[in-house]
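*Asks:* Below is the structure I would like to discuss, written out as structure tokens.
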Amino acid sequence: MSIFLRRYEELGEIFAPEEFVLKKSLRVNTLKNSDSVLIERLKKEKIKLVKIPFLDNGYFYESDFSLGATPEYLQGYYYLQEAASQLPAAVLDPKSDELVLDMSAAPGGKTTQLAAYMQNKGSIMALDNNVHRLESLRNNIERLGVTNTLIYKKDARFATDFKLGFDKILLDAPCSSNFADEENWFHMKSVEGFKERARLQKELLKAAVKSLKKGGVLVYSTCTLEPEENELNINWLLNKFNDLSLEEINLSIGDPGLTDVFGDKLNPEIKKCKRFWPHKTGIQGFFIAKIKKK
Numbered sequence: 000m001s002i003f004l005r006r007y008e009e010l011g012e013i014f015a016p017e018e019f020v021l022k023k024s025l026r027v028n029t030l031k032n033s034d035s036v037l038i039e040r041l042k043k044e045k046i047k048l049v050k051i052p053f054l055d056n057g058y059f060y061e062s063d064f065s066l067g068a069t070p071e072y073l074q075g076y077y078y079l080q081e082a083a084s085q086l087p088a089a090v091l092d093p094k095s096d097e098l099v100l101d102m103s104a105a106p107g108g109k110t111t112q113l114a115a116y117m118q119n120k121g122s123i124m125a126l127d128n129n130v131h132r133l134e135s136l137r138n139n140i141e142r143l144g145v146t147n148t149l150i151y152k153k154d155a156r157f158a159t160d161f162k163l164g165f166d167k168i169l170l171d172a173p174c175s176s177n178f179a180d181e182e183n184w185f186h187m188k189s190v191e192g193f194k195e196r197a198r199l200q201k202e203l204l205k206a207a208v209k210s211l212k213k214g215g216v217l218v219y220s221t222c223t224l225e226p227e228e229n230e231l232n233i234n235w236l237l238n239k240f241n242d243l244s245l246e247e248i249n250l251s252i253g254d255p256g257l258t259d260v261f262g263d264k265l266n267p268e269i270k271k272c273k274r275f276w277p278h279k280t281g282i283q284g285f286f287i288a289k290i291k292k293k
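Take the sequence shown: its position 256, counted from the start at 1, is 255 in numbering that gives the first Met the number 0, and no numbers get skipped.
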């Protein structure tokens, strides 16, 4: 554990990970009901909901039983989704007349959230390369009543095969996760593993940029705190493509992206990214960058 805590200390953060407890949360599916309707229904079942102030339809909840088999869940009235993972779709903010690409879509939390923002209009192309995960994606899309989404079994590194220019792209990249969301994380990870993940993420980022139309917006996110998979990737991307700019992220929580990583000075624009430390935000570790193609 100590090597990771030393790294975090070098980045300016000192905390005791064993003291952090991740709250359970859900997202109201506005394609099937409203916040007020769901709150009233769950209140009758003695489920306590607390609005998450920085999310449109997110709630922390307390319950004596699992919320994964209630009538409301089975009817698609809500999706069990950690609070931080509800942020990327909100930052992307897709509109009802747009063509949207979700590059790592399964199991469907963010895809169905995108569809809700779009009011089931426009079009979403949802990609994943794992058959079993695609089955979960399909089931969740059906359960939540999503009708504007096409599912493809495809390696997102080859998204350019579609030869389309997307208005918005969400790349919630495969990553090394974080201690708040994965038990025994400190005993399972390595710095070399972070670098290996970053190599894949760079390939996905290249495909995303090439698939984005001029004036389009790409949101890159991970559920890891490691700069190799976050700020260093964005620094690399800005150096590789001169037609990209970082956009401000309008959220009330989160720290600015790091511009000094273990002594390396990065592009100062990276401070426009958002980094979410669990001990500061009360949600799992996360990183978001909002990128516009000129």
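Glycine is no exception: its CB is placed at the ideal position from the N, C-alpha and C atoms. Every value quoted in this text rests on a predicted model; they were computed, and no experiment measured them.
As a quick exercise: from V145, Q85, G107, T111, pick the residue whose alpha carbon is nearest that of D127.
*Replies:* Nearest of V145, Q85, G107, T111 to D127, Cα basis: G107.
*Asks:* Just reading off the alpha helix (DSSP H) that R40 is part of, what are its end residues?
*Replies:* Residues 34 to 42.
*Asks:* By DSSP, does F14 sit in helix, in strand, or in coil?
*Replies:* Coil at F14, not helix or strand.
*Asks:* Can you give me the C-alpha to C-alpha distance between D263 and R142, rounded to a whole angstrom?
*Replies:* Each residue's alpha carbon lies about 47 Å from the other.
*Asks:* So for V145, helix, strand or coil by DSSP?
*Replies:* Note: V145 maps to coil in three-state DSSP.
*Asks:* Quick check on DSSP: helix, strand or coil for D160?
*Replies:* The answer is helix: DSSP assigns D160 an H, G or I state.
*Asks:* Can S210 and F286 be called in contact, C-beta distance under 8 Å?
*Replies:* Result no, Cβ atoms of S210 and F286 do not sit closer than 8 Å.
*Asks:* Unbroken beta strand (DSSP E) runs of length 3 or more, entirely within the segment 99 to 130: which are they?
*Replies:* Complete beta strand (DSSP E) runs here, min 3: 122 to 127.
*Asks:* Taking all protein chains shown into account, do 16 or more other C-beta atoms lie within 10 angstroms of the C-beta of Q80, making it buried, or fewer, making it exposed?
*Replies:* Result: buried.
*Asks:* Does E227 come out as helix, strand or coil in the three-state DSSP assignment?
*Replies:* Reduced to three states, the DSSP call for E227 is helix.
*Asks:* For R198, write down the residues that DSSP places opposite it in a beta bridge.
*Replies:* Bridge partners of R198: none, in fact.
*Asks:* To the nearest angstrom, how far is it from the Cα of E340 to the Cα of K43?
*Replies:* Given that the chain is displayed from residue 0 to residue 293, the structure contains no residue 340 and the question cannot be resolved.
*Asks:* Any idea what DSSP makes of I269, helix, strand or coil?
*Replies:* I269: helix per DSSP, three-state reduction.
*Asks:* What residue range does the beta strand (DSSP E) around E81 cover?
*Replies:* Premise fails: E81 is in no beta strand (DSSP E) and is neither H nor E.
*Asks:* Let me check understanding here. Comparing Cα to Cα, which of S24, R5, R26, K23 lies closest to P16?
*Replies:* Considering only alpha carbons, the answer is R5.
*Asks:* Less than 6 Å between C-beta atoms, sequence neighbours within five positions excluded: which residues of the same chain meet that for G75?
*Replies:* So the list reads N28, K31, R142, L143, G144, once near-sequence residues are dropped.
*Asks:* Expressed to the nearest angstrom, what Euclidean distance is found between the alpha-carbon atoms of G296 and Q85?
*Replies:* No answer is possible for residue 296: the residues shown for the chain start at 0 and end at 293.
*Asks:* How about K22 and F53: do their beta carbons lie closer than 8 Å?
*Replies:* Going by C-beta atoms, K22 is not nearer than 8 Å to F53.
*Asks:* So the alpha helix (DSSP H) L73 belongs to, where does it begin and stop?
*Replies:* Where L73 is concerned, the enclosing alpha helix (DSSP H) stretches over 70 to 73.
*Asks:* Between the Cα of L73 and those of L250, I140, V49, D34, spot the shortest distance and give me the residue it belongs to.
*Replies:* Nearest option by C-alpha distance: I140.
*Asks:* Reducing DSSP to helix, strand and coil, say where S95 ends up.
*Replies:* S95: coil per DSSP, three-state reduction.
*Asks:* Is the beta carbon of F148 sitting closer than 8 Å to the one on I123?
*Replies:* Reading the sequence as shown, one finds Thr at residue 148 and not Phe. Against a cut-off of 8 Å, the Cβ pair of I123 and T148 comes out as a contact.
*Asks:* Quick check on this structure: which residue in I282, S95, L10, S176 has the alpha carbon closest to the alpha carbon of M117?
*Replies:* Of I282, S95, L10, S176, the residue nearest in Cα terms is S95.
*Asks:* Return the residue from the list T223, P173, S103, T280 that minimises the CA-CA distance to W184.
*Replies:* For the residues T223, P173, S103, T280, the minimum Cα distance to W184 belongs to T223.
*Asks:* Check this for me: beta carbons of K109 and L203, under 8 Å apart or not?
*Replies:* Taking 8 Å as the Cβ cut-off, K109 and L203 do not qualify as a contacting pair.
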